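A.B. asks: Residue numbers for the sequence shown follow the UniProt record's numbering, beginning at 1 and rising by one. Yeah, the Cβ is synthetic: ideal placement off N, Cα and C, and Gly gets one too. Small disclaimer: the values here were computed from a predicted structure and weren't measured. Dropping the structure in here first, questions after.
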Amino acid sequence: MSDHCCAPERPAGPAPEDSSRRTKIIPADGRHLIEQAELPGGSFTMGDQHGDGLAADGETPVHQVTLSPFSIDVTSVTNADYARFVDATGYRTDAEMFGFSAVFHLAVRAKPSQVMSNADGTPWWIGVRGADWRHPGGPLSDLDGLDDHPVTHISWTDARTYCRWAKRRLPTEAEWEYASRGGVEGDRYPWGDDLDTEDWACNIWQGTFPKINTEQDGWLTTAPVRSYRPNSFGLWQTVGNVWEWCADWFDPLYYTASPGTDPKGPPGGRSRVLRGGSYLCHDSYCNRYRNAARSSNTPDSSMGNAGFRTVSAR
Ligand SMILES: [Ca+2]
Ligand SMILES: [Ca+2]
Ligand SMILES: [Cu+2]
Numbered sequence: 001m002s003d004h005c006c007a008p009e010r011p012a013g014p015a016p017e018d019s020s021r022r023t024k025i026i027p028a029d030g031r032h033l034i035e036q037a038e039l040p041g042g043s044f045t046m047g048d049q050h051g052d053g054l055a056a057d058g059e060t061p062v063h064q065v066t067l068s069p070f071s072i073d074v075t076s077v078t079n080a081d082y083a084r085f086v087d088a089t090g091y092r093t094d095a096e097m098f099g100f101s102a103v104f105h106l107a108v109r110a111k112p113s114q115v116m117s118n119a120d121g122t123p124w125w126i127g128v129r130g131a132d133w134r135h136p137g138g139p140l141s142d143l144d145g146l147d148d149h150p151v152t153h154i155s156w157t158d159a160r161t162y163c164r165w166a167k168r169r170l171p172t173e174a175e176w177e178y179a180s181r182g183g184v185e186g187d188r189y190p191w192g193d194d195l196d197t198e199d200w201a202c203n204i205w206q207g208t209f210p211k212i213n214t215e216q217d218g219w220l221t222t223a224p225v226r227s228y229r230p231n232s233f234g235l236w237q238t239v240g241n242v243w244e245w246c247a248d249w250f251d252p253l254y255y256t257a258s259p260g261t262d263p264k265g266p267p268g269g270r271s272r273v274l275r276g277g278s279y280l281c282h283d284s285y286c287n288r289y290r291n292a293a294r295s296s297n298t299p300d301s302s303m304g305n306a307g308f309r310t311v312s313a314r
């Protein structure tokens, strides 16, 4: 995945020692305080109708999908939300267990001794020891003023564990795209087909990636979850800000054979779907800040530009 600007993979290596965490029973009395949109279900056209996507991402063939009703969070899970979960359970995230996470180079707040080597092929991603959800830039950073920003440095496993506590689940990839489209057929973005570069509707990158960000949209890294405007389903920032984990395994060929009703992804794989792009997206090299765009990463990977939102448990 080294060509994926937005999803540096956790390097192969020994797993952290405490494997018991994997089977820890998370108390079932969790509380999930994020406002949700109740969606009636129905049919929509899934995939890229504009020819925007890279063939390798598998955004086509365009196909009809019918979904059962579900509710979905109007925002991604915030630092304050995740803190409530951790306070209640003592859960330790993958980034904490491995001892490091991936931080965008301009966001690093760490001593030189805490800075590891760059990710292969993506020199703007730095492995930082002590970077985790409470320290998004590294050990010299904290969450001051970031309560209402999306939680980051959350692996797929960390996201799913939150969901179990909150009696929620991760959206399927089809649910995510349906929700992001807001009931509008075929559009490139949640608000339409065009980017207004005078009045930004999402948090991506302006300037020259990866060195100069003019921050015309207001933000170098994360923005508060209720920034810009919600789509017609009431969802904020599906596109841009942070990538959002979905439940499905990723397979670029999945759309060629996926079921037409409530598709749940392939039966197995090595990486999990990520949707929506992030504050690092820029069409000079990565235009995945679109409804149809697909990416993925291994389930234990974490980085400063990926989080999640949840849907109603089945
Ligand atoms: Ca930005
Ligand atoms: Ca997003
Ligand atoms: Cu991107």
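With a Cβ-Cβ cutoff of 8 Å, do VAL225 and ASP248 count as a contact?
C.D. replies: No. Outside cutoff.
A.B. asks: Using a 10 Å radius around the Cβ and a threshold of 16 neighbouring Cβ atoms, would you call ILE154 buried or exposed?
C.D. replies: buried
A.B. asks: Report all residues from its chain with a CB closer than 8 Å to the CB of PHE100; omit the five preceding and five following residues, and keep chain order.
C.D. replies: MET116, GLY127, VAL128, ARG129, GLY130, ALA131
A.B. asks: Measuring CB to CB, does LEU220 end up less than 8 Å from LEU106?
C.D. replies: yes
A.B. asks: Taking DSSP's pairing of strands, which residues face THR221 in a bridge?
C.D. replies: Answer by DSSP bridge pairing: none, since THR221 is not bridged.
A.B. asks: Which of helix, strand or coil does DSSP assign to GLN114?
C.D. replies: Secondary structure of GLN114 (DSSP, three-state): helix.
A.B. asks: Who are the Cβ neighbours of TYR255 in its own chain at under 7 Å, not counting the five residues just before and after it?
C.D. replies: Its chain contains GLY47, GLY58, THR60, PRO61, HIS63 as the residues whose beta carbon lies nearer than 7 Å to that of TYR255, once the 5 sequence neighbours on both sides are disregarded; these appear in chain order.
A.B. asks: Looking only at its own chain, which residues have a Cβ that is under 6 Å from the Cβ of PRO210, when we skip the five neighbours before and after it?
C.D. replies: TRP124
A.B. asks: Helix, strand or coil for ARG22, going by three-state DSSP, please let me know.
C.D. replies: Note on ARG22: pLDDT 41, under 50, position unreliable in the model; no value is reported.
A.B. asks: Roughly how many angstroms separate the alpha carbons of GLN206 and HIS282, rounded to a whole number?
C.D. replies: 7 Å
A.B. asks: At 3 residues or longer, and completely inside the region 32–93: list those beta strand (DSSP E) runs for me, N to C.
C.D. replies: 36–39, 42–46, 63–67, 70–73
A.B. asks: Measure the C-alpha to C-alpha separation of GLY138 and PRO171 and round it to an integer number of angstroms.
C.D. replies: When rounded, the distance between both Cα atoms is 29 Å.
A.B. asks: For ALA285, list the residues DSSP reports as bridge partners.
C.D. replies: Here residue 285 is Tyr; the residue named in the question, Ala, does not match the sequence. None; TYR285 has no bridge partner.
A.B. asks: From ARG10 to PRO299, what distance separates their C-alpha atoms?
C.D. replies: 9 Å
A.B. asks: Contact defined as beta carbons within less than 8 Å: I believe ARG188 pairs with HIS50. What is the distance between those atoms, to the nearest angstrom?
C.D. replies: Separation of the CB atoms of ARG188 and HIS50 is rounded to 6 Å, and the pair is thereby assigned contact status at 8 Å.
A.B. asks: Residue range of the alpha helix (DSSP H) that CYS163 falls in?
C.D. replies: 156–165
A.B. asks: Check GLY9 in the structure and name its three-state DSSP category.
C.D. replies: In the sequence as displayed, the identity of residue 9 is Glu instead of Gly. It is coil, neither helix nor strand.
A.B. asks: Leaving out the 5 sequence neighbours to the left and right, which residues in its chain are closer than 6 Å to ASN231 when beta-carbon positions are compared?
C.D. replies: GLY182, PRO190
A.B. asks: Please identify the residue among GLU244, LEU235, SER295 whose C-alpha is closest to the C-alpha of GLU38.
C.D. replies: LEU235
A.B. asks: For a test of your reading of the model: does the CB of CYS286 fall under 7 Å from any non-hydrogen atom of ligand 3? Yes or no.
C.D. replies: In this structure, CYS286 has its beta carbon less than 7 Å from a heavy atom of ligand 3.
A.B. asks: In this structure, how does DSSP classify THR152 when only helix, strand and coil are distinguished?
C.D. replies: coil
A.B. asks: Once you ignore the five residues that flank ARG109 on each side, which residues in its own chain have a CB closer than 7 Å to its CB?
C.D. replies: GLY137, GLY138, LEU140, SER141
A.B. asks: By Cβ distance, which residues of its chain are closer than 6 Å to LYS24, with the 5 residues on each side in sequence left out?
C.D. replies: Low local confidence applies: a pLDDT of 39 at LYS24 is under 50, so the model's placement there is unreliable, with the coordinate-based value given in what follows. Same-chain partners within the cutoff: there are none.
A.B. asks: How far does the beta strand (DSSP E) with ARG275 in it reach, from first residue to last?
C.D. replies: 272–275
A.B. asks: Helix, strand or coil, according to DSSP, for ARG181 in the structure here?
C.D. replies: helix
A.B. asks: Starting from the C-beta of THR310, find all residues in its chain whose C-beta is less than 6 Å away, skip the five residues before and the five after it, and write them out in chain order.
C.D. replies: These residues qualify, in order along the chain: ASP73, CYS163, ARG168.
A.B. asks: Please report the straight-line C-alpha distance between ILE34 and PRO252, rounded to a whole angstrom.
C.D. replies: 32 Å
A.B. asks: I believe GLU177 touches ALA80 by the beta-carbon criterion, under 8 Å. Please report the beta-carbon distance rounded to the nearest angstrom.
C.D. replies: Contact doesn't hold; Cβ gap of about 27 Å is too wide.
A.B. asks: Enumerate in chain order the residues of its own chain whose CB-to-CB distance from ARG270 is below 7 Å, with the five nearest sequence positions on each side excluded.
C.D. replies: THR298
A.B. asks: Compute the distance between the beta-carbons of TYR82 and VAL184, then report whether it is under 8 Å.
C.D. replies: no
A.B. asks: Note the first and the last residue of the continuous beta strand (DSSP E) segment covering VAL242.
C.D. replies: No beta strand (DSSP E) holds VAL242; DSSP gives it neither H nor E.
A.B. asks: Just tell me which of MET303, SER278, SER296, GLN216 has its CA closest to the CA of GLY265.
C.D. replies: SER296
A.B. asks: Measuring straight from C-alpha to C-alpha, what distance separates GLY192 and GLY90?
C.D. replies: 42 Å
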